[in-house]
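The structure under discussion appears below in the form of structure tokens.
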Amino acid sequence: MHHRTVEQLAAGAGPIHRLDPRVKLVTVLAFVVGVSTLPVVPLTLFLWPAVLVLSALLVAGLPFLFVLSRSLLVLPFVLMVAMFLPFTRGPTPLWVLPGLELTVYQEGLQLSLAILIKGALALLAVEWLVFTTPFHRLLLAMRAFRVPRVIVVTLSFLFRYLDLLADQSQRVRRARMARAPGGTVRWRLRSTGGMIGRLLLRALDRADRVHQAMLARGFDGEIRILSCLQMRRVDVVFLVGAGAGLVAVPILGLVAGGGL
Amino acid sequence: MKPGDLAVAVEDLSFDYHGHQALSGISFSLEAGERVALVGPNGAGKSTLMLHLNGLLMGSGVVRIHGLRIEKSSLSKVRQQVGMVFPDPEDQLFMPTLEEDAAFGPLNMGLSRQQATQRARQALATMGLAELGERSSHHLSDGERRRAAIATVLSMEPKVWVLDEPGANLDPKGRRELIAVLRQLPGTVLLASHDMDMVVQVCKRCLVLDGGKLVAQGLTEQVLADAELMEQHGLEVPLRLANKQRSETC
Ligand SMILES: Nc1ncnc2c1ncn2[C@@H]1O[C@H](COP(=O)(O)OP(=O)(O)O)[C@@H](O)[C@H]1O
Ligand SMILES: [Mg+2]
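Order-wise, the sequence lines are chains A and B. Take the position in the first sequence, starting the count at 1, then add 52; the result is the number in our numbering. Take the position in the second sequence, starting the count at 1, then add 287; the result is the number in our numbering.
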């Protein structure tokens, strides 16, 4: 399953993998915010952030094809947002699509391109973070930034039991197919409802049993863990370097945007 | 013998699930250091009884652990003394890494991070999982996962072990390893199992539960060799004992 491949990648031992997850999280957030505030033109503005994120991916030693394939998954959503803009944002007409009577406007096209590029850059940055950081370390970083405990703990359990849930849903589906492959749409809809109900019940059962197992080991409502994050010198060095690279992003924007 | 000398003392315990009587009038006791089996058909009430031994369920009657009566106010103390191993190890391995899982109990007991780390590593090493502390449990084999679940309890150094069908879903190798582990657990052991040969190898004494009632108890070799009793309660004479009898009669 894909999230297990990601997990294997994230368990690597490279220099980027070993960075403090808080440092990586802050860097990626700053990068995404910086890129998203860049003006639409000129497109050359995006060169610098592209260099930043690509070199980050390179240093992390992530397999290029895998990163690409993961990115393509998100592409349809970005495309959906960007597809109609060239026809709707005026006023400078560029050309008319023959036969369709659709006008492509320059402003719309620029905006559309910028959205695509910004989306791609942000996505690559997030992939860099997720593919180099074990999920539980990411959660530790979120906790350090005061994300509510209940959210972090929920995510942790979700991640832990995702496989079992998926397994179970597969088994239930297979059992149904074995009993009656095909069937009318009406029947399939009805039995899907039953399937979801059964999965939910099993998930609740599991939750009950896990809770019991926690209580049996002295759980009193507070999750206590061993790991604590520690900043090392490399983390500080990385933060300063990344900070310098990132500060250049809005400055470029200011220069190009003539004041904004 | 004073009640304080007993590891587990259950007196007239009854429990119902919303009207469905699961246990009625159960009394028995385990001496410190004893290894005792709990056998009975599915639905006999074995799991229900075991949940009472660490206060996860509380019925009518009295349960004492090393003299300490289980009630709301004694729960945290009781849970430090009674280690529960559940049928499905996946339920017991809920933390992101094995080391965190093994440290979960010790941290809840109030040990420092340093002490808890030490306990966790030691327990994992005892279970032959020293190298896997940073792993998550879904990368383990069934046998390893089973031992990991035991390690999460071992790190708490409980005086009393309560194991509910720990042998389910194990291949022969995993089962052999588990038997070796069970024979070496320190302290008092109560083991529920359908694996009668495992019971014979681990437990000297045995309790038979059926329909929520304690129907027999005694030396494992005698109780489990009683073919009539076994059949009456949906059990079977373990191969080991059956063969022995045959060789004695020949
Ligand atoms: N959570 C529950 N709610 C209602 N009834 C239950 C529940 N758990 C068990 N029972 C019932 O209690 C009886 C004893 O079950 P259990 O203790 O699980 O037996 P065993 O472990 O020996 O198979 C069974 O009849 C079972 O159906
Ligand atoms: Mg049971």
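By construction, the Cβ of each residue, glycine as well, lies at the ideal position given by its N, Cα and C atoms. Fair warning: this is a prediction, and the values are worked out from it, not measured in the lab.
May I ask you to report which of helix, strand or coil DSSP gives Q336(A)?
Any property of residue 336(A) remains undetermined from this structure, which presents chain A solely from 53 to 312.
Under 6 Å, CB to any heavy atom of ligand 1. Which residues pass, going along the chain?
Selection output, chain order preserved: Y304(B), H307(B), A309(B), G327(B), N329(B), G330(B), A331(B), G332(B), K333(B), S334(B), T335(B).
At a CB-CB cut-off below 9 Å, which residues of chain B make contact with Q264(A)?
For this step, residue 264(A) is matched to residue 212 along the first sequence. Residues of chain B passing the Cβ test: L338, L343, M371, F373, D378.
By DSSP's criteria, W448(B) is part of a beta bridge. Which residues make up the other side?
Your numbering for residue 448(B) matches position 161 in the second sequence. G370(B), V476(B), per the DSSP bridge assignment.
Taking Q368(B) and V449(B) to be in contact with their CB atoms under 8 Å, please state how far apart those CB atoms are, rounded to whole angstroms.
In the second sequence, counting from the first residue as 1, residue 368(B) sits at position 81. In the second sequence, counting from the first residue as 1, residue 449(B) sits at position 162. Q368(B) to V449(B), Cβ: 11 Å. No contact.
Given a limit of 8 Å on CB to CB distance, which residues of the segment 170-190 of chain A reach chain B?
P186, F187, H188
Does the segment 324-338 of chain B come into contact with the segment 467-480 of chain B, if we say contact requires no fewer than three beta-carbon pairs (one atom in each stretch) closer than 8 Å?
yes
Cutoff 6 Å; reference T155(A); Cβ partners in own chain excluding five residues on either side
Taking the first residue of the first sequence as position 1, residue 155(A) is located at position 103. P145, V148, listed in sequence order.
Would you mind stating whether A308(A) and L97(A) have Cβ atoms separated by less than 7 Å?
In the first sequence, counting from the first residue as 1, residue 308(A) sits at position 256. In the first sequence, counting from the first residue as 1, residue 97(A) sits at position 45. Closer than 7 Å, so yes.
Check whether the segment 258-273 of chain A touches the segment 368-385 of chain B, counting contact only when three or more Cβ pairs, one atom from each stretch, lie closer than 8 Å.
Cβ pair count under 8 Å is three or more, so yes.
At 4 residues or longer, and completely inside the segment 201-264 of chain A: list those alpha helix (DSSP H) runs for me, N to C.
201-231
V323(B) in three-state terms, based on DSSP
Here residue 323(B) corresponds to residue number 36 of the second sequence, with the count starting at 1. If DSSP states are grouped into helix, strand and coil, V323(B) belongs with the strands.
Do you know offhand how far A438(B)'s Cα is from R225(A)'s?
By one-based count along the second sequence, residue 438(B) stands at place 151. By one-based count along the first sequence, residue 225(A) stands at place 173. Going by the C-alpha atoms only, they are around 35 Å apart.
Rounded to the nearest angstrom, what separates L465(B) and H188(A) at their Cα positions?
In the second sequence, the residue the question calls residue 465(B) occupies position 178. In the first sequence, the residue the question calls residue 188(A) occupies position 136. Straight-line Cα distance between these residues: approximately 30 Å.
Have a look at L298(A) and F290(A) and give me their C-alpha separation to the nearest angstrom.
The residue you call residue 298(A) lines up with position 246 of the first sequence. The residue you call residue 290(A) lines up with position 238 of the first sequence. When rounded, the distance between both Cα atoms is 12 Å.
Along the chain, where does the beta strand (DSSP E) containing E298(B) start, and where does it finish?
As a working note, residue 298(B) is residue 11 in the second sequence. From DSSP, the beta strand (DSSP E) with E298(B) extends over 293-304.
CB contact below 7 Å: A196(A) versus chain B:
Taking the first sequence and counting its residues from 1, the one referred to as residue 196(A) is at position 144. Not an interface residue.
To the nearest angstrom, report how far apart R422(B) and A193(A) are at their CA atoms.
Here the question's residue 422(B) lines up with position 135 in the second sequence. Here the question's residue 193(A) lines up with position 141 in the first sequence. Cα-Cα distance, rounded: 19 Å.
Taking a Cβ distance cut-off of 8 Å, strictly less, list which residues of the segment 261-292 of chain A are near chain B, in chain order.
R261, V262, Q264, A265, M266, L267, A268, R269, G270, F271, D272, R276, I277, L278, S279, C280
Closer than 8 Å is the cut-off here; do at least three beta carbon pairs connect the segment 498-512 of chain B with the segment 342-361 of chain B?
Result no; under three Cβ-Cβ pairs closer than 8 Å.
Where does H188(A) sit, in a helix, a strand or coil, going by DSSP?
Counting from 1 along the first sequence, the entry for residue 188(A) is found at position 136. Helix, per DSSP.
Out of L338(B), G521(B), S316(B), state which residue places its alpha-carbon closest to the alpha-carbon of L310(B).
Here residue 310(B) corresponds to residue number 23 of the second sequence, with the count starting at 1. Ranking L338(B), G521(B), S316(B) by Cα distance to L310(B) puts L338(B) first.
Please list, in chain order, the chain A residues whose beta carbon lies closer than 7 Å to that of M443(B).
Start at 1 with the first residue of the second sequence, and residue 443(B) comes out as number 156. Simply R269.
First and last residue of the uninterrupted alpha helix (DSSP H) at F118(A):
Taking the first sequence and counting its residues from 1, the one referred to as residue 118(A) is at position 66. F118(A) -> alpha helix (DSSP H) spans 116-135.
Residue(s) in a DSSP beta bridge with G505(B):
Walking along the second sequence from the start, residue 505(B) turns up at place 218. DSSP lists C493(B) as partners of G505(B).
Would you verify that the beta carbon of P238(B) is, or is not, closer than 7 Å to some beta carbon of chain A?
Beyond the ends of chain B as shown, which are 288 and 537, falls residue 238(B); an answer cannot be given.
Could you tell me which chain A residues have their CB closer than 7 Å to the CB of Q405(B), listed as they occur along the chain?
Here residue 405(B) refers to the residue found at position 118 of the second sequence. None at all; the shortest Cβ gap to chain A is about 11 Å.
Stretch-stretch touch, CB-based, cutoff 8 Å, three pairs: the segment 380-394 of chain B with the segment 402-418 of chain B:
Because the criterion of three Cβ pairs below 8 Å is met, the segment 380-394 of chain B and the segment 402-418 of chain B touch.
List the DSSP bridge partners of P145(A).
Here residue 145(A) is taken as the residue at index 93 of the first sequence, counted from 1. For P145(A), which the question treats as bridged, DSSP gives the partners Y157(A).
With 16 as the cutoff for other CB atoms within 10 Å, does R294(A) come out buried or exposed?
Sequence index remark: in the first sequence, residue 294(A) carries index 242 (1-based). The sequence as given places Ala at residue 294(A); Arg does not occur at that position. Counting Cβ neighbours within 10 Å, A294(A) comes out buried, since at least 16 surround it.
Helix, strand or coil at M288(B) [DSSP, three-state]:
By one-based count along the second sequence, residue 288(B) stands at place 1. For M288(B), the predicted structure reports a pLDDT of 49, less than 50, and the residue's modelled location is therefore unreliable. The matter cannot be settled from this model.
Using a 10 Å radius around the Cβ and a threshold of 16 neighbouring Cβ atoms, would you call I275(A) buried or exposed?
Here residue 275(A) corresponds to residue number 223 of the first sequence, with the count starting at 1. When all chains shown are included, I275(A) counts as buried.
Distance cutoff 7 Å, beta carbons only. Does N530(B) sit that close to anything in chain A?
The residue you call residue 530(B) lines up with position 243 of the second sequence. Output row for N530(B): interface = no.
So is I203(A) buried or exposed if we call it buried at 16+ other beta carbons inside 10 Å?
Counted from its first residue, the first sequence places residue 203(A) at position 151. It counts as exposed.
Given R56(A) as reference, the closest of R228(A), V292(A), Q222(A), R212(A) once Cα atoms are compared
Position 4 of the first sequence holds residue 56(A). Per the C-alpha coordinates, the member of R228(A), V292(A), Q222(A), R212(A) positioned closest to R56(A) is R212(A).
Please determine, among P445(B), G306(B), Q401(B), the residue with the shortest C-alpha to C-alpha distance to G270(A).
Taking the first sequence and counting its residues from 1, the one referred to as residue 270(A) is at position 218. The residue with the shortest Cα to Cα distance from G270(A) is P445(B).
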